[in-house]
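Those letters in the sequence shown? Residues 18 to 735, by our numbering. See structure below.
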Amino acid sequence: MTPNRLVFLVALSVTLSPPQENVAAQTEPRPSSFTLIDRALSAKTIDAETAHRYRVLAAFGDTRLPVAYRGDDSHMRALPPSVAEVGALLPTFSAATRAELAPFFKRPDEPGSWVNLSTIPSEEPVDGRRGRGDSPVSSAPPAARVTWKAVSAVGGKAKVWWQDRYPRDSATAQGLARELTALIWGKLTGLMNQEPYPDNGIVSNGGDAPFDFYLIHAPATWAGLTRAAIEEVPCHPARYILIDTRRHGLGSARSYGVLQIATHELMHAITFAYRVRGGCPAPWIREASGDWASNWVYPLTDGEHPDAGNYISSVQYQIDNPSTVWGDSRFYGEHLFPYFLEKATGGPEFMPRMWANFRNMDVLQGVNAVLPGGFVKSWPKFLVRLWNQPPVDAPDGFKQWDRLARSVVPTGGIDNVAITSDIETRKITFIPENPAQLIFATGIQPVAGHYRHYTFDRSVRTVTFRNTIREEALLHGTVWGIEKIRGTWRDPADWTEELQKAWCRDEATEDLEALVLIFGNHDWQNLQAVNPREPPTVEARGTGCTGWRGTHTLVNTLVVTDPAVTIVETVTSDIQFAVDSELVHPGRPREYWKSVGGTIRWRAQVTGVCTGSGSGSVPIRDLPDDKVATLNIWAEGGKMHHSGGNGPWPGDIPRYAVTCATGPSEMMLYGALGFFVTDGVHNELAPDGKSFRGQFTNSPQPGQTVSHTYSFRCTIGC
């Protein structure tokens with residue numbers, strides 16, 4: 018963990034966001050104030066101290082921020098790390114900057130706090146909604162007129178503070194105090210076996226030992242903060258909480274509001290009291306636990322769903338990777354992971370065990386220790402549930418568990434695969450979909466996942482998935498698949514150890530209409546990406562597998578000059594092929610066919626000094642031991658190829674009578690030796706993969722010419 022990341026944990030513990038749906042495929046928002054400030058710092062038009070000063074002013078909506086640096090901060094659900102680190106850096110700044118920023122690092126009830134600044138607007142939200150009917154005020158009144166009042170809660174263990182300049186906050190304070198006493202405090206501390214760390218003995222502690230909740234009218238979009246009771250000790254376990262009542266009403270068991278924000282923030286205070294290894298809880302697991310706690314105490318409000326969408330939209334990035342666009346609201350959305358764990362383990366008991374682990378373990382190690390089978394087993398199953406579409410959305414899925422409507426938007430959306438000629442191949446590369454938003458590297462990132470969704474046009478008859486992650490024996494990579502066969506989604510399956518999967522759509526049990534591939538990386542120890550040298554592929558062919566039928570005609574002509582004799586043999590074969598079940602290999606497309614029916618007709622004519630003729634026919638049967646004719650069809654170089662050959666004649670080889678001057682005799686039908694042969698050079702199937710034809714001639718010996726003409730077409734799916 019970098020020093021800057023550690024300092025982020027410092028003073029501000031970013032909060033649960035208000036309900037507002039985020040769209041996965043949303044357009045990039047207008048630059049935020051923080052982006053504008055960072056750009057100016059990079060361009061060296063401002064120095065580092067000025068940048069820190071501007072970030073704090075932007076975070077609190079202070080009017081002293083120059084207009085040039087006022088961006089669109091409406092999408093921010095959390096204060097960026099660059100704001101939090103200022104508290105620790107204050108002693109290094111100039112006296113003027115220290116004096117200007119000091120109010121932002123005081124408790125709101127302290128003299129000189131930021132809530133008393135005339136540069137902090139206190140009017141109601143710009144969308145015109147007034148939380149509960151307060152009159153708009155252009156700025157805070159003088160400090161002497163701000164009086165804080167407190168409501169005791171939890172038998173004196175906590176206090177809820179409100180400002181008398183906002184009279185309606187009195188009812189909110191009373192309501193929060195009642196709910197803390199009746200539900201929130203006891204449920205969370207009972208589960209976690211831990212109460213917030215006491216702040217008695219600290220100079221600035223709200224005047225006494227009880228834990229303090231402050232109702233404020235936040236000037237920015239954050240809903241609540243859990244701050245260190247001693248700013249100079251960023252990871253101090255004693256905390257206090259700020260809750261916005263400017264935009265949020267009290268809430269209830271079914272509506273999001275102050276109650277849910279307080280639950281989220283109280284979970285932060287409890288987890289800080291665990292005094293974890295390194296002092297400050299890691300942001301992602303802290304926020305994930307906070308949103309999980311809010312959902313656990315108030316399961317019907319669904320206030321956590323918008324941030325869930327931010328995580329689902331970016332699951333291809335490492336779980337502890339923050340976003341410069343969404344702020345740390347992505348971390349809030351990761352409450353889906355402990356929520357999944359709650360369902361996988363049958364209850365919430367994993368949560369206190371996990372946080373107890375953090376006292377002596379790194380975060381991922383502590384999480385791994387409470388996962389059934391560790392990350393190795395649980396992470397790919399979690400990724401499958403994140404798909405949150407049939408067949409994994411219900412009954413054991415987020416849609417039914419928590420009414421979550423959002424699901425992963427796979428890379429490229431839904432890819433409809435059709436065949437117009439030859440073979441259609443989709444290469445699956447693992448590159449960042451939006452590198453402007455998150456730190457990234459090529460490959461499947463550790464503790465992350467990638468999704469692909471394919472549908473197949475009726476022109477596609479064979480589908481093959483090649484798993485190069487398994488071919489290259491890459492550790493930590495996982496592959497799960499979900500098939501839709503003839504209108505029905507099958508249960509997800511683990512294909513991690515499969516080199517290849519193949520479907521023949523001519524078979525009812527393999528008529529693949531859609532395919533979802535879920536790639537994961539459970540490497541929580543080395544945090545290495547899984548990046549195959551050759552990408553996995555989904556290959557679609559127009560060639561089916563049920564059968565082929567057609568004709569082959571062989572004409573064998575032998576001309577002898579001494580004695581002068583001409584022999585012409587014509588063998589016409591009407592052959593029906595079916596897949597050779599003995600040569601079907603699991604995971605591979607069908608490539609071998611054998612003859613199962615048809616008729617071979619022949620005739621012979623001898624002219625010259627010798628004469629004779631003969632004709633006949635013989636049926637082709639599916640013989641258990643001998644294969645009368647065989648057909649091989651395979652893919653190579655992006656095209657489909659064929660090769661045909663014959664086995665034994667179905668029965669005794671025919672003979673026909675020949676009469677010469679010396680008397681009568683019999684001749685064996687030479688054409689029986691090659692009654693089905695295809696061209697070994699020009700052997701491509703038609704572009705649609707559904708037929709092949711050819712014609713070629715050879716001369717085995719002087720005076721002999723053998724010609725072959727054939728035409729075959731698939732029998733089903735054509």
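All residues carry an ideal CB built from backbone N, CA and C; glycine is no exception.
Label residue i either buried or exposed according to how many other C-beta atoms from any shown protein chain fall within 10 Å of its C-beta, with 16 as the threshold for buried.
i, result
"V250", "exposed"
"S152", "Note that S152 has pLDDT 34, beneath the 50 cutoff, so the model's placement of it is unreliable and no number is given."
"T262", "buried"
"P142", "Because the pLDDT at P142 is just 41, under 50, the model does not fix this residue reliably, and the point stays unresolved."
"T563", "buried"
"K518", "buried"
"G150", "Residue placement at G150 is flagged as unreliable, the pLDDT there being 32, under the threshold of 50; the coordinate-derived value follows with that caveat. It counts as exposed."
"R72", "buried"
"E551", "exposed"
"D308", "buried"
"A290", "buried"
"H69", "buried"
"N523", "Note on identity: in this sequence residue 523 is Asp, with Asn being the wrong assignment. It is buried - the Cβ of D523 has at least 16 other Cβ atoms within 10 Å."
Considering only the alpha carbon of each residue, which of the options lies closest to residue i?
i, options, result
"T722", "R730, F713 and F729", "F713"
"T587", "Y315, R195 and P671", "P671"
"E527", "G567, F594, A119 and P603", "P603"
"H352", "V275, L58, E530 and L421", "L421"
"L492", "H539, I431 and P717", "H539"
"L403", "D439, I287 and F415", "F415"
"K444", "P397, A557, P463 and P509", "A557"
"P323", "S424, K360 and A646", "S424"
"W506", "E489, V533 and V480", "V533"
"R469", "R292, R487, G615 and I448", "I448"
"A465", "D439, A490 and W541", "W541"
"A435", "A286, V477 and D319", "V477"
"Y257", "A235, V393, P227 and Y471", "P227"
What is the residue span of the beta strand (DSSP E) that residue i lies within?
i, result
"R244", "G241 to A245"
"D419", "Note, D419: premise wrong, no beta strand (DSSP E); alpha helix (DSSP H) at F415 to D419."
"R72", "It is not in any beta strand (DSSP E) - R72 instead sits in the alpha helix (DSSP H) that spans A65 to A76."
"R550", "Here R550 belongs to no beta strand (DSSP E), and DSSP marks it neither H nor E."
"I499", "G494 to I502"
"K518", "Q517 to C521"
"G537", "L529 to N538"
"N736", "Nothing can be reported for residue 736, as the shown portion of the chain is limited to 18 through 735."
"I233", "F228 to I233"
"S728", "Q721 to C731"
Can you name the start and end residues of the alpha helix (DSSP H) that residue i belongs to?
i, result
"L571", "Note, L571: premise wrong, no alpha helix (DSSP H); beta strand (DSSP E) at G564 to T578."
"I445", "Segment: none, I445 is in no alpha helix (DSSP H) and carries neither H nor E."
"N385", "V380 to N385"
"V103", "V103 to L106"
"L403", "G391 to W404"
"N374", "F367 to N374"
"R359", "Looking at the sequence provided, one finds Glu at residue 359 rather than Arg. Per DSSP, E359 belongs to the alpha helix (DSSP H) from L353 to T362."
"G350", "S346 to G350"
Out of curiosity, what's the CA-to-CA distance linking residue i and residue j?
i, j, result
"W512", "T67", "54 Å"
"S156", "V387", "With a pLDDT of 43 at S156, under the threshold of 50, the modelled position of this residue cannot be trusted; read the value that follows with caution. Cα to Cα, S156 sits roughly 50 Å from V387."
"N377", "R294", "6 Å"
"T189", "L267", "6 Å"
"S598", "W610", "8 Å"
"D413", "R483", "29 Å"
"P427", "K61", "39 Å"
"A546", "L702", "40 Å"
"G654", "A531", "26 Å"
"S632", "A510", "57 Å"
"I486", "L600", "26 Å"
"N133", "D410", "49 Å"
"G241", "I278", "6 Å"
"S724", "G697", "14 Å"
"R730", "V576", "34 Å"
"R147", "W520", "Here R147 scores only 33 on pLDDT, less than 50, and its place in the model is too uncertain to base an answer on."
"S634", "T732", "24 Å"
"F354", "G296", "23 Å"
"P369", "F473", "47 Å"
"E500", "P408", "10 Å"
Hey, does residue i have any beta-carbon neighbour from chain C nearer than 7 Å?
i, result
"F228", "Structure shown: chain C not included; a single protein chain is present."
For the ligand HEM, I want to know if residue i counts as a neighbour, meaning its beta carbon is within less than 6 Å of at least one of the ligand's heavy atoms.
i, result
"D432", "Looking at this structure, you won't find the ligand HEM or any other ligand, since it has none at all."
Extract the residue ranges of the alpha helix (DSSP H) inside the region 163 to 223, only unbroken runs of 4 or more that lie entirely within it.
186 to 196 and 202 to 209
Only counting runs of 3 or more residues, tell me where the beta strand (DSSP E) segments fall wholly within the region 579 to 659, in order along the chain.
581 to 596, 609 to 625, 628 to 636 and 646 to 653
Starting from the N-terminal side, write out each stretch of the alpha helix (DSSP H) that is 4 residues or longer and does not extend beyond the region 257 to 332.
275 to 290, 300 to 314 and 322 to 329
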